[in-house]
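Per our numbering, residue 1 is the first one in the sequence shown, and the count goes up by one each step. We put the beta carbon where it would ideally sit given N, CA and C, even for glycine. Heads up, the thing below is written out as C-alpha cells.
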Amino acid sequence: VEEKMRLNYENNLKRLRHLESKGAEPQKLFAIQATIRKHLTRISISMKAIDSTSAKLHKLRDYELQDQLTRLIEG
Numbered sequence: 001v002e003e004k005m006r007l008n009y010e011n012n013l014k015r016l017r018h019l020e021s022k023g024a025e026p027q028k029l030f031a032i033q034a035t036i037r038k039h040l041t042r043i044s045i046s047m048k049a050i051d052s053t054s055a056k057l058h059k060l061r062d063y064e065l066q067d068q069l070t071r072l073i074e075g
C-alpha cells in the first residue's frame, strides 16, 4: 500500500511539473497541488504508524521475549 501511495505521489508531482512547464491554468495547478498534499499527509501518517509498530515490536522483543527466553534456557 505504501509503495502505491509513493508512486501516486511521484506521478502527480511529475504531472504538476509538466503542467507548470506548459503554463497551465492556476486552477489546474492548485488542484494537483492539493492532491500532492493529500498524498504527503497519507505517506506521513503511514510512516508514523510503521514507526509506532516497529517500536512496539522492539519493546516486545527486548522485554517480554527476553524474559521468556531466559526462563527457557534456565529451565
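Could you compute how far the alpha carbon of residue i sits from the alpha carbon of residue j?
| i | j | result |
| --- | --- | --- |
| residue 84 | residue 2 | Because the chain is modelled from 1 through 75, residue 84 falls outside the range shown and cannot be assessed. |
| residue 9 | residue 49 | 19 Å |
| residue 55 | residue 24 | 45 Å |
| residue 69 | residue 30 | 56 Å |
| residue 51 | residue 59 | 12 Å |
| residue 28 | residue 63 | 53 Å |
Could you tell me whether the Cβ atoms of residue i and residue j are closer together than 8 Å?
| i | j | result |
| --- | --- | --- |
| residue 32 | residue 19 | yes |
In the DSSP assignment, find the unbroken alpha helix (DSSP H) run with residue i in it and report its ends.
| i | result |
| --- | --- |
| residue 9 | 2-22 |
| residue 51 | 26-59 |
| residue 72 | 66-74 |
Residues in its own chain within less than 8 Å of residue i by CB, not counting five upstream and five downstream?
| i | result |
| --- | --- |
| residue 5 | 39, 42, 43, 46 |
Excluding the 5 residues preceding and the 5 following residue i in the sequence, name in chain order all residues of the same chain whose CB lies nearer than 6 Å to its CB.
| i | result |
| --- | --- |
| residue 74 | none |
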